[in-house]
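See below for the structure under consideration.
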Amino acid sequence: MKFFKNILLAFSFLVTFISNGQVSAVHLTCEMTENPLAVIQNQPRLSWQLVSNKLNVSQTAFQILVSSSEEKLKKNEADIWDSKKVVSNKNLQITFSGNSLKSETKYFWKVKIWDQDNKESKWSKIASFRIAPSESDLNPIWIGAITKADSHLPEGRNYHAATFKKEKKEAIINASDSLSRRSIMLRKPFEVKKEIKEAVVYISGLGHYELTINGKKIGNSEFAPLWTDYDKTVNYNTYELTANELQNGENVIGVLLGNGMYNMLAERYAKFFVSFGPPTLFFKMKVVYKDGSEEIIKSDASWKYSKSPITFNSIFGGEDYNANLEQKGWNSKGFNDADWKKVVVQEAPKGGLKAQTAPPITIQKKYDVKEVKQPKPELYVFNMGQNLSGFPTLKVKGKKGQTVRVWVGEGLNDDGTVGQGRSGKPYYYDYTLKGEEVEEWTPKFSYYGFQYIQIENINYKETKNVNLPTIVALQSNFIYNSAGEAGSFKSSNEIFNKAHELINNSIKSNFQSVFTDCPQREKLGWLEEVHLNGPGLMFNYNLESYIPAIMQNISDSQRENGLIPTIVPEYVVFGGDFTDSPEWGVTGVILPWMYYEYYGDASLIEKYYPVMKGYVDYLTTKSKSHIVSYGLGDWYDYGTHAAGYSKNSPIALSATSHYFYGASLVAKAAKLLNKKEDIEKYETLTSDIKKAFNDEFFNKETKQYGTSSQFSNAVPVFMDIVEPQYKAEVMQNLLADIKAKGDRLTTGDVGNRYLFQALARNGENETMYKMNNHYDAPGYGFQIKFGLTTLTEQWDPRKGNSWNHFMMGQIEEWFYQSLAGIVSDDANPGFKHFFIQPEVVGDMTFVKASYNSIYGKIVSSWEKKDGKLILKVEIPANTSATIKLPVSKNSEIKVNKKAANLGFDEKDKKPTLELGSGIYTIESKI
980 MKFFKNILLA FSFLVTFISN GQVSAVHLTC EMTENPLAVI QNQPRLSWQL VSNKLNVSQT
1040 AFQILVSSSE EKLKKNEADI WDSKKVVSNK NLQITFSGNS LKSETKYFWK VKIWDQDNKE
1100 SKWSKIASFR IAPSESDLNP IWIGAITKAD SHLPEGRNYH AATFKKEKKE AIINASDSLS
1160 RRSIMLRKPF EVKKEIKEAV VYISGLGHYE LTINGKKIGN SEFAPLWTDY DKTVNYNTYE
1220 LTANELQNGE NVIGVLLGNG MYNMLAERYA KFFVSFGPPT LFFKMKVVYK DGSEEIIKSD
1280 ASWKYSKSPI TFNSIFGGED YNANLEQKGW NSKGFNDADW KKVVVQEAPK GGLKAQTAPP
1340 ITIQKKYDVK EVKQPKPELY VFNMGQNLSG FPTLKVKGKK GQTVRVWVGE GLNDDGTVGQ
1400 GRSGKPYYYD YTLKGEEVEE WTPKFSYYGF QYIQIENINY KETKNVNLPT IVALQSNFIY
1460 NSAGEAGSFK SSNEIFNKAH ELINNSIKSN FQSVFTDCPQ REKLGWLEEV HLNGPGLMFN
1520 YNLESYIPAI MQNISDSQRE NGLIPTIVPE YVVFGGDFTD SPEWGVTGVI LPWMYYEYYG
1580 DASLIEKYYP VMKGYVDYLT TKSKSHIVSY GLGDWYDYGT HAAGYSKNSP IALSATSHYF
1640 YGASLVAKAA KLLNKKEDIE KYETLTSDIK KAFNDEFFNK ETKQYGTSSQ FSNAVPVFMD
1700 IVEPQYKAEV MQNLLADIKA KGDRLTTGDV GNRYLFQALA RNGENETMYK MNNHYDAPGY
1760 GFQIKFGLTT LTEQWDPRKG NSWNHFMMGQ IEEWFYQSLA GIVSDDANPG FKHFFIQPEV
1820 VGDMTFVKAS YNSIYGKIVS SWEKKDGKLI LKVEIPANTS ATIKLPVSKN SEIKVNKKAA
1880 NLGFDEKDKK PTLELGSGIY TIESKI
């Protein structure tokens, strides 16, 4: 709801500013976030966008005012910082340069700008930011029901429980105290006796928590805080309370705790066991009264706890709830907690306490029952219409003590019942009724990937059997990160449209605390998909404050020897290539560069340069004569063989190419950061790896690399390893292999991006079109033919495990960059300047795409009509674009119905236009 309110607000701004023709500053952010509550930087960076209905609008100067109160700012009293008029065209990442900022303090700011005609804008709307407390300010005390020492939980990360026999699993579970795995409720009454100015809560409940004050839930997060390596970093969340959330007299803080990934030890299905300790709570509320006095309410030995009605909760196994254990009003005033126990002060997690700056997970969509079937008497299977990550909500009525068991799954068995054979079983939810009219329940601490819900021994809607409970209503809740969507894509090709939909449903399903591989059996942050799908992810979602959290997790997981493991956070050590594979680890080097390219922000390169360098240095220790010979290679490459390790292409070719890729980016980073001692070192290393790669894998007679596979030839073309004099022939060999395979790919998880982009960036978009415009395997159309709503792990859904993997979604980059033609400019990162160079391929008649860049909305929309190519583009204020038109040199071209001043790109053989900001319609005769 908040997202839609923001859209309406932004739209109302836009209408106002366009109607009066003014340029104005909107969408003010601090550290890439609107009105952030926990800024960790001492000198935060401020940004804004410009809107105007005029053409060629740019900024020439700005003035920022920062105040300690909104009242002062309204009077233009800048007691914290007045930048004065600064002559600059920069409207992003302006470093705060005012008076020293205090922790746990809120500041208010606004900006005005001068345009290219030196016209002064009105002041923007007021924005705010709050400086986070330091860890010493927080002075955390952790509380719960049992100490870690008394819990007897397993230590270490070598419990790959999915491979354990039943007896071994049971022995590990039974060795622990059951209280250490139990969901608990904690409460603390406190008094408010004066008028409140502000109240701010800092909380971390591990693994996950739900916070209420006076019985009302605070925030809309699910599974908060986001997962981390709790031995290195522990996230806390920040909430500002409104006046009506606290009342004069007695108030009550209530916190419900669950296990999450912090304490993964439970019966039923488990991919792994890992425990950092029993459920634990840190809480601090700072209340500032209008008379200037302050009060701190924090977690300490004065709190009380009781077991919650959640009798079982496991992130991998499900959740049980006994409504007969509810204690009405437990989190409100007037409740008698005499039977509750005093909490124990627990050992703190090892990780440093840090403000969570990435967006929370929330319920984003809800689905009602689409279809109901009864494969057996009194057994119902509900098709919810969408495969997703989440949990159900059920409304039920029946007798006290009756239990409803809810099974969920992605697919069905042959007999029509829900199947979990491929996705991790058993996983289910049990709800025990208290016997009231209609009872509603939604699980809180476990989610799964599912489209179907199975419930047996029930009535549905009508009570036909009085001895059975009746399901009155059922919904599925789709949860994913609330970062928001950045892009849109639609075309005349239904395969591409449906593929876009499937891929994004899978991305959303795995867009959790981390980008997971699948939302059911693993829920692990396998790294390769982040960089291989990186451009598609960034075009589709607002990742400005999410990617820094990924890099923090990568940094936390990096070993002392420089190794970056394949999964981050590394909750379980699989060992061998499943822990250490260059195509996965190199994400820590590539991702900061992608972030810079899309957001114009080099801060991740600066902050994590030691991580990037450390990983390349680690690969150097693993290399022999600059060749790295281990790893998973082109995982799940396509062929008649079983999916898994690369079979079509040499592992060493894959590993060494990524060693080269990483070294080249570290050399580039050294240059950007002016690390003089490293520039020559890594440029030389890059050159040495390139020579060794070509010596080892290139056949000068055949002009082929490796095994002559598509992966073998596409990778050196994409990464610019092939020597220029051989590139054309290597490309021809690549095209010949694709044609010999019936215009089908043979690459896998790693190779798809390199194949797609080797074709797209070298004028072979018609081949890309043929390779993906069909309903056969391998291809997106084959999955569409099966009626699926998410992308599966393998091209043939009948094979493999998960039906909700986005790792094969690399075509998104082609949709945006080639079909729509929205391409960033390396020389002007963040889309300060960019290219619109659409490709008109096959029998396609239109493409419509948009991307909300950090400067504003970019639109590229083309249509073939009446012998013309009509291209509509939108260029944000304070940016410019080069348009490359896919028409002949002599084509008649008009811009907004006027003759255009054209250039010509000799390399691409395309007419060009240089345009400033604005909305344009460009017509060309085809």
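Under the numbering used here, the sequence shown has 1053 at position 74, and the numbering climbs by one with no breaks.
Ideal Cβ placement from N, Cα and C applies to all residues, glycine included.
Keep in mind that this is a model prediction, so the values were computed, not measured.
Inter-stretch contact (C-beta, 8 Å, three-pair minimum) for the segment 1456 to 1470 and the segment 1379 to 1387
no
Within its chain, find whatever has a CB closer than 7 Å to the CB of residue 1158; leave out the 5 residues flanking it on each side and keep chain order.
1124, 1125
How many angstroms separate the CA atom of residue 993 from the CA atom of residue 1855?
A caution first: residue 993 carries a pLDDT of 49, below 50, which makes its placement in the model unreliable, though a value can still be read off. Whole-angstrom Cα-Cα distance: 13 Å.
I believe residue 1412 touches residue 1374 by the beta-carbon criterion, under 8 Å. Please report the beta-carbon distance rounded to the nearest angstrom.
Contact flag wrong, Cβ pair sits at about 11 Å.
Helix or strand or just coil, what does DSSP make of residue 1663?
helix
Beta-carbon gap between residue 1495 and residue 1506 smaller than 8 Å:
no
Please list, in chain order, all residues of the same chain as residue 1725 whose beta carbon is under 7 Å from its beta carbon, the five residues on each side excluded.
1616, 1617, 1618, 1627, 1688, 1689
Ranges of the alpha helix (DSSP H) found wholly within the segment 1313 to 1339, counting only runs of at least 4:
none
Assuming residue 1598 and residue 1641 are in contact, meaning their beta carbons sit under 8 Å apart, how far apart are those beta carbons, in whole angstroms?
7 Å
Pairwise C-alpha distance: residue 1047 and residue 1060:
10 Å
Minimum length 4: unbroken alpha helix (DSSP H) runs contained in the segment 1100 to 1174
1114 to 1117, 1127 to 1130, 1145 to 1153
Using C-beta distances below 7 Å, list every residue in its chain close to residue 1407, excluding the 5 sequence neighbours before and after it, in chain order.
1297, 1384, 1385, 1386
Starting from residue 1030, follow the beta strand (DSSP E) in both directions and report where the run begins and ends.
1024 to 1030
Proximity below 8 Å, CB of residue 1019 to CB of residue 1088:
no
Measuring alpha carbon to alpha carbon, tell me which of 1874, 1831, 1456, 1327 ends up nearest residue 1851.
1874
Exposure label - residue 1356; buried when at least 16 CB within 10 Å:
exposed
Within 10 angstroms of the Cβ of residue 1142, are there 16 or more other Cβ atoms? Answer buried if so, exposed if not.
exposed
Is there a Cβ from chain D that is less than 8 Å from the Cβ of residue 1430?
You won't find chain D in this structure, because it holds only one protein chain.
For the alpha helix (DSSP H) that contains residue 1913, what are its first and last residues?
In the structure as shown, the chain begins at 980 and stops at 1905. Residue 1913 is therefore absent and cannot be evaluated.
Can you say whether residue 1122 is buried or exposed, counting buried as having 16 or more other CB atoms within 10 angstroms of its CB?
buried
Per DSSP, what kind of secondary structure is residue 1796 in: helix, strand or coil?
helix
Neighbourhood of residue 1769 by C-beta distance below 7 Å, restricted to the same chain and skipping five residues each side
1366, 1481, 1484, 1485, 1488, 1782, 1783
Reduced DSSP category for residue 994 - H, G, I as helix; E, B as strand; rest coil:
Because the pLDDT at residue 994 is just 48, under 50, the model does not fix this residue reliably, and the point stays unresolved.
Between which two residues does the beta strand (DSSP E) containing residue 1004 stretch?
1003 to 1009
Cα separation between residue 1614 and residue 1438?
46 Å
Residue 1898 versus residue 1853: straight-line alpha-carbon distance, rounded:
5 Å
On a CA-only basis, which of 1260, 1667, 1539 is nearest residue 1326? Give me that one, please.
1260
Does DSSP put residue 986 in a helix, in a strand, or in coil?
In this prediction, residue 986 scores a pLDDT of 46, lower than 50, which makes its location untrustworthy; no coordinate-derived value is stated.
Find the nearest neighbour of residue 1192 within the set 1218, 1238, 1863, 1311, judged by alpha-carbon distance.
1311
Stretch-stretch touch, CB-based, cutoff 8 Å, three pairs: the segment 1322 to 1341 with the segment 1206 to 1221
yes
Taking contact to mean 3 or more Cβ pairs, one atom from each stretch, closer than 8 Å, check whether the segment 1089 to 1108 and the segment 1030 to 1042 are in contact.
yes
For residue 950: DSSP bridge partner residues
Limits of the chain in this structure are 980 at one end and 1905 at the other, which puts residue 950 out of reach.
Here's a check: name, in chain order, each residue in its chain whose Cβ is nearer than 6 Å to the Cβ of residue 1062, leaving out the five neighbours to either side.
1042, 1043
Of the residues 1773, 1231, 1427, which one's Cα is nearest the Cα of residue 1756?
1773
Quick one: does the C-beta of residue 1492 sit closer than 7 Å to a heavy atom of the ligand FMN?
Here there are no bound small molecules, and the ligand FMN is not part of this structure.
Whose CA, out of 1330, 1630, 1108, lies closest to the CA of residue 1024?
1108
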